[in-house]
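Student: Can you keep this structure in mind? I'll have questions shortly.
Numbering (the numbering used here), first residue to last: 471 to 1075.
This is the structure we're talking about:
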């Protein structure tokens, strides 16, 4: 079995990363370099998380052999190797390649590729030039930091440059890690608990539908404005002009509808606009077209998904009060005709799941996740205590190590680090910074957001793993215990060389996660954003209550309208209905504004 498990994990994790990329990115339309960079960054980070438990169990086996030899003077009896034992010398090389490749991606390559993908230049040389100019300040800052580190190392010969660089990167990653972890530890269990309530899901869907309506309207209006500029340029630049090939490239990025409209209105635009654009103007217009079309497509797909979800929740409401134990869809779609829905997930099975078992299952899962969150928070606040050992994960690992139960060690490590990663990574998938960064499923995420997520993963994963090793007392820089280090820790260097980091920041800063959990539990962040005009969904907010009432009043109306009109007209009616809800007055006398630019920081719309 030596090395077999490692090979299996490497293959499985690759397909996991590929599957997630396929869900969020478009493998057929997006640039190959963007997809490759994102896939590699996600893959390496996931690989670190899945391989680390095997590293821990291997170290436990080696530690037992050394203790046995020290006690008896020679090894006449060797403990059984773990089923997932990895031969000596493999993991150090493996970690070194994975770690430094991920750091090269996050600090150098991905920032360059972000600018390259977002550039509106018409040639590869132009895109490279634009990317270098945009990242000049970025790389210049790195150069100044590197020179400062060289001066520090020259003044302190006992300090290694590699250790300084790794410590700086991990310190920045740990700072961001605690912020995201504090949010995820509370929000994930709470989201499952609240999702068990049909009324909560219905109210939240109403809020998201109204908010998405304004975003969709703003995206369509912006696209129309950009298309007017394209049409003007299309008529100004004749076919024998040297810039015509650039205009044709821009036209290929426009939607078919607008291309046909430009052909019909050619004469009117010709008379109105005769000013020839410069190449710089065409580059800017090209970039604007790409962003506008991408944003309009995103909102259209999200709007369709929200409609399907709203109708599904309405069907659940009807099925709960129905005497027939068959789930009936008001608007059956194509995927309801597949073989899974015909033979496995039948209407009867769907009725029992949606109306009987779903609520109990979600609440049970929420309780289990809540217990895991409590264990993580307790361990984060107490892992620096070695006598007595207070960290729950360290207690479990030490108990299993005494009994040489390597499978239990790997299970505890895998479950705990996987839960921590889910809390952190799910926040990265939910976070939204206006319209610049937003991971949208159903193949709608733009290249900039995909690569930015890869940068975040590569910066968060190494400090996350070091923090986890501290929780289980496998990092001597934190636990101050004389024991064999994991191969992963060996590539990080000795943090004892920087005592103010190893004995201070790395130990006491994670305690801040407790305050962040309290802030998330009481929705302090969402309430502050609401006060600033970035409206968030809060269950006890009067605005949400009024919005829900308005949707309920129009619910029957909406269903009848959809049966009478075609798809385009129904979307217009739904959009008009949502607009009427946007300015619904709350009990306090204030109006709710859901501008598309007022997008929350933690927003899963």
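The C-beta atom is built at its ideal place from N, Cα and C for all residues, glycine as well. These numbers were taken from a predicted model, which means no experiment stands behind them.
Under three-state DSSP, which class holds residue 816?
Tutor: In the chain shown, residue 816 corresponds to position 346, counting from 1. If DSSP states are grouped into helix, strand and coil, residue 816 belongs with coil.
Student: Applying the 10 Å Cβ sphere with the 16-neighbour rule, what's the burial state of residue 611?
Tutor: As a position in the chain shown, residue 611 is number 141, starting the count at 1. The residue is exposed, with fewer than 16 neighbouring Cβ atoms inside 10 Å.
Student: By Cβ distance, which residues of its chain are closer than 7 Å to residue 987, with the 5 residues on each side in sequence left out?
Tutor: For the purposes of this step, residue 987 is taken as the residue at position 517 of the chain shown. So the list reads 652, 655, 656 and 847, once near-sequence residues are dropped.
Student: Per DSSP, residue 859 is paired with what?
Tutor: Reading the chain shown from its first residue, position 389 is the one you call residue 859. In the DSSP output, where bridge partners are listed per residue, residue 859 has 856.
Student: So what's residue 782 in DSSP terms, helix, strand or just coil?
Tutor: Numbered from its first residue, the chain shown carries residue 782 at position 312. Note: residue 782 maps to helix in three-state DSSP.
Student: Would you kindly work out how many angstroms separate the C-alpha atoms of residue 485 and residue 506, rounded to a whole number?
Tutor: Here the question's residue 485 lines up with position 15 in the chain shown. Here the question's residue 506 lines up with position 36 in the chain shown. Roughly 14 Å separates the two Cα atoms.
Student: Under the three-state reduction of DSSP, which class applies to residue 887: helix, strand or coil?
Tutor: On the chain shown, residue 887 is found 417 positions in, with the first residue counted as 1. In the structure shown, residue 887 sits in a helix (DSSP, three-state: H, G or I).
Student: Buried or exposed: residue 814, going by 16 or more other Cβ atoms within 10 Å of its Cβ?
Tutor: One-based indexing of the chain shown puts residue 814 at position 344. Exposed, since its Cβ has fewer than 16 Cβ neighbours within 10 Å.
Student: Can you pull the DSSP bridge partners for residue 943?
Tutor: Here the question's residue 943 lines up with position 473 in the chain shown. Answer by DSSP bridge pairing: none, since residue 943 is not bridged.
Student: What is the rounded straight-line gap between the Cα of residue 930 and the Cα of residue 527?
Tutor: Residue numbering aside, residue 930 sits at position 460 when the chain shown is read from its first letter. Residue numbering aside, residue 527 sits at position 57 when the chain shown is read from its first letter. If I take the Cα positions, the gap works out to 23 Å.
Student: According to the neighbour-count rule (16 or more other Cβ atoms, all chains shown, within 10 Å of its Cβ), is residue 708 buried or exposed?
Tutor: Against the chain shown, residue 708 aligns to sequence position 238. The residue in question, residue 708, is exposed, as its Cβ has fewer than 16 Cβ neighbours within 10 Å.
Student: With C-beta atoms as the reference, is residue 585 less than 8 Å away from residue 601?
Tutor: Residue numbering aside, residue 585 sits at position 115 when the chain shown is read from its first letter. Residue numbering aside, residue 601 sits at position 131 when the chain shown is read from its first letter. It is a contact, given that the beta carbons lie within the stated cut-off.
Student: Rounded to whole angstroms, what's the CA-CA distance from residue 697 to residue 890? Just pull it up for me.
Tutor: Here residue 697 corresponds to residue number 227 of the chain shown, with the count starting at 1. Here residue 890 corresponds to residue number 420 of the chain shown, with the count starting at 1. Cα to Cα, residue 697 sits roughly 45 Å from residue 890.
Student: Tell me the rounded alpha-carbon separation between residue 843 and residue 866.
Tutor: Your numbering for residue 843 matches position 373 in the chain shown. Your numbering for residue 866 matches position 396 in the chain shown. For the pair residue 843 and residue 866, the Cα-to-Cα distance works out to about 16 Å.
Student: Please go through the region 979-1006 and give each complete alpha helix (DSSP H) segment of 4 or more residues, from N-terminal end onward.
Tutor: 982-991 and 994-1001
Student: Here's the rule: buried if 16 or more other CB atoms are within 10 angstroms of the residue's CB, otherwise exposed. What is residue 714?
Tutor: Counting from one through the chain shown, the residue named residue 714 turns up at place 244. Residue 714 comes out exposed.
Student: By the three-class DSSP mapping on this structure, what secondary structure does residue 901 have?
Tutor: Position 431 of the chain shown, counting from 1, holds the residue named residue 901. Strand, per DSSP.
Student: Between the region 512-524 and the region 882-898, are three or more C-beta pairs nearer than 8 Å?
Tutor: Enough Cβ pairs lie closer than 8 Å, so yes.
Student: Can residue 590 and residue 749 be called in contact, C-beta distance under 8 Å?
Tutor: Translated into the one-based positions of the chain shown, residue 590 becomes position 120. Translated into the one-based positions of the chain shown, residue 749 becomes position 279. Going by C-beta atoms, residue 590 is not nearer than 8 Å to residue 749.
Student: Give the single residue among 912, 824, 834 and 796 whose Cα lies nearest to the Cα of residue 817.
Tutor: Locating residue 817 in the chain shown gives position 347, counting from the first residue. Nearest option by C-alpha distance: 796.
Student: Would you decide whether residue 718 is buried or exposed? Buried here means 16 or more other CB atoms lie within 10 Å of its CB.
Tutor: The residue given as residue 718 occupies position 248 in the chain shown. Exposed, since its Cβ has fewer than 16 Cβ neighbours within 10 Å.
Student: Please report how far the alpha carbon of residue 1054 lies from the alpha carbon of residue 758, in whole angstroms.
Tutor: Here the question's residue 1054 lines up with position 584 in the chain shown. Here the question's residue 758 lines up with position 288 in the chain shown. Per-residue confidence for residue 1054 stands at a pLDDT of 35, beneath the threshold of 50, marking its modelled position as unreliable; the derived number appears in the next sentence. Spanning the two alpha carbons is a distance of roughly 33 Å.
Student: Could you tell me whether the Cβ atoms of residue 512 and residue 927 are closer together than 8 Å?
Tutor: On the chain shown, residue 512 is found 42 positions in, with the first residue counted as 1. On the chain shown, residue 927 is found 457 positions in, with the first residue counted as 1. Their beta carbons are under 8 Å apart, which means residue 512 touches residue 927 by this criterion.
Student: For residue 509, collect the residues of the same chain with a Cβ closer than 8 Å to its Cβ; drop the 5 residues on either side in sequence, then sort them by chain order.
Tutor: Locating residue 509 in the chain shown gives position 39, where the first residue counts as 1. Excluding sequence neighbours, residue 509 sits near 487, 488 and 491.
Student: Determine, using beta-carbon pairs with one atom in the region 635-644 and one in the region 620-627, whether at least three such pairs fall under 8 Å.
Tutor: no
Student: Give me the Cα-Cα distance between residue 777 and residue 679, rounded to the nearest whole angstrom.
Tutor: If you number the chain shown from 1, residue 777 lands on position 307. If you number the chain shown from 1, residue 679 lands on position 209. Here the alpha carbons of residue 679 and residue 777 stand approximately 8 Å from one another.
Student: For residue 666 and residue 855, what's the separation of their Cα atoms in angstroms?
Tutor: By one-based count along the chain shown, residue 666 stands at place 196. By one-based count along the chain shown, residue 855 stands at place 385. Whole-angstrom Cα-Cα distance: 38 Å.
Student: Taking one C-beta from the region 759-773 and one from the region 687-703 each time, how about it: are there three or more such pairs within less than 8 Å?
Tutor: Short answer: they touch.
Student: Here's the rule I'm using: 16 or more other beta-carbon atoms within 10 Å means buried, otherwise exposed. How should residue 609 be labelled?
Tutor: Looking up residue 609 in the chain shown gives position 139. It counts as exposed.
Student: Am I right that residue 473 and residue 560 are in contact with their C-beta atoms under 8 Å? What's the rounded C-beta distance?
Tutor: Reading the chain shown from its first residue, position 3 is the one you call residue 473. Reading the chain shown from its first residue, position 90 is the one you call residue 560. Right, their Cβ atoms sit about 7 Å apart.
Student: Do the CB positions of residue 732 and residue 704 come within less than 8 Å of each other?
Tutor: The sequence position of residue 732 within the chain shown is 262, counting from 1. The sequence position of residue 704 within the chain shown is 234, counting from 1. Cβ distance < 8 Å, so residue 732 and residue 704 count as in contact.
Student: Would you give the residue range spanned by the alpha helix (DSSP H) that residue 610 belongs to?
Tutor: Within the chain shown, the letter at position 140 stands for residue 610. 606-625 is the span of the alpha helix (DSSP H), which, as asked, contains residue 610.
Student: Grab the span of the alpha helix (DSSP H) containing residue 493 for me, first residue to last.
Tutor: Here residue 493 is taken as the residue at index 23 of the chain shown, counted from 1. Per DSSP, residue 493 is one residue of the alpha helix (DSSP H) stretching across 474-494.
Student: Just checking: is the beta-carbon of residue 491 within a distance shorter than 8 Å of some beta-carbon in chain D?
Tutor: Among the protein chains of the structure shown there is no chain D, as only one such chain exists.
Student: Expressed to the nearest angstrom, what Euclidean distance is found between the alpha-carbon atoms of residue 618 and residue 903?
Tutor: On the chain shown, residue 618 is found 148 positions in, with the first residue counted as 1. On the chain shown, residue 903 is found 433 positions in, with the first residue counted as 1. If you take the alpha carbons of residue 618 and residue 903, they lie about 32 Å apart.
Student: Please name the residue in 979, 990, 984 and 957 whose C-alpha comes closest to that of residue 564.
Tutor: Mapped onto the chain shown, residue 564 falls at position 94. Comparing Cα positions, the closest option is 957.
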